[in-house]
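In UniProt numbering, the protein residues as written are 6 to 329. Glycine included, C-beta positions come from ideal geometry on N, C-alpha and C.
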Ligand code: BDR
Ligand code: CA
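Set out below in structure tokens:
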């Protein structure tokens, strides 16, 4: 399969992404790294290890802890005891409070950045990085070991949006949580696919499918079903697979419509900090732009997704049917 490394802040939809990635015969998960985000670093690590148990990941799959706070901002979104964590979205333990047993998996002793460095150095073919969380670890990697950029096939990240935000009116959570890190990742000269909010909510599993999964004998399906039902909260008739959609786009890239567009991260605005400013103007309009002497990174921005295909890919892989 295609070699990948996931960087996560598990997190309900990060858990779905891990279940999909580990279950997919199309992917070869080389390692998983953790970063503070939906919840603090410690619960993120604990959740990630528990989910990998359920996914049946190999016991020697390396998992490492990374940054516990953003590069520059105080950890206002990521402290586990802060009132502004994503508890309302992910439960008080970051994983829907469904009480998964603790894992006996050992955490790798290396820092996340060192683990990714070592995996890239050892890799025979370039690796796809899949950041599904604030991009602190990936930014530190790219700044610390720029010589490893050719070993990265592409960065397929969940973050940003062409239109609007979720944590603020202007900004998406993962970019807002560490805007400087996102700016470094976009501008690093590595091919980037931005799987943002414009497609993030579109890939959804219906209540009947989720309920059937929750009753399944297959542990991955059971966990995914429970997490999706938690998200529906008895009120909705479907739930998004979120971060797992970015993984689906690595498995089946032709299900994602992207356009190469210039993307800048707003680092200064009081109400717009963390916004991804995506430029959809024609070249002639850009001629007038006073910012034109500061070239922006060009990113493959996801504009549309084959939502049905990714949802059924998710359900079949996680249910152990392993067909595409
Ligand atoms: C992102 O924020 C987190 O809550 C999700 O896991 C996803 O990575 C969406 O904005
Ligand atoms: Ca996430």
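Assigned with DSSP and collapsed to three states, residue 188 falls in helix. Looking at the backbone, the Cα of residue 66 and that of residue 227 are separated by about 22 Å. Less than 8 Å separates the beta-carbon of residue 249 from that of residue 22. In terms of Cα proximity to residue 223, the closest of 235, 59, 20, 46 is 59. In chain order, 276 place their CB closer than 8 Å to the CB of residue 174, counting only its own chain and leaving out the 5 sequence neighbours on each side. Closer than 7 Å to some heavy atom of ligand 2: that does not describe the Cβ of residue 33.
Ligand 2 never approaches residue 25 closely enough for any of its heavy atoms to be under 7 Å from the residue's Cβ.
Counting only runs of 3 or more residues that sit fully inside the stretch 45 to 127, the beta strand (DSSP E) segments are 68 to 70, in chain order. The DSSP assignment places complete alpha helix (DSSP H) segments of no fewer than 4 residues inside the stretch 221 to 294 at 224 to 237, 248 to 256, 288 to 291, in order along the chain. One alpha carbon belongs to residue 130, the other to residue 193, and they sit about 20 Å apart. Taking 8 Å as the cut-off, the beta carbon of residue 144 is found closer than this to the beta carbon of residue 186. Per DSSP, the unbroken alpha helix (DSSP H) holding residue 22 starts and ends at 17 to 28. For residue 297, no beta strand (DSSP E) run applies, since DSSP gives it neither H nor E.
Each residue's CA atom was taken as its position, placing residue 134 and residue 76 some 20 Å apart.
By the Cβ neighbour-count rule, residue 225 is buried, with 16 or more other Cβ atoms within 10 Å of its own. By the criterion of at least three beta-carbon pairs nearer than 8 Å, the stretch 116 to 130 is not in contact with the stretch 42 to 50. Residue pairing for residue 311: DSSP places it in no beta bridge. A Cβ-Cβ contact shorter than 8 Å links residue 179 with residue 163. Put simply, the stretch 238 to 249 does not touch the stretch 285 to 298. Fewer than three CB pairs are less than 8 Å apart. For residue 140, no alpha helix (DSSP H) run applies, since DSSP gives it neither H nor E. Sorting 30, 52, 102, 199 by C-alpha distance to the C-alpha of residue 13 places 52 at the top.
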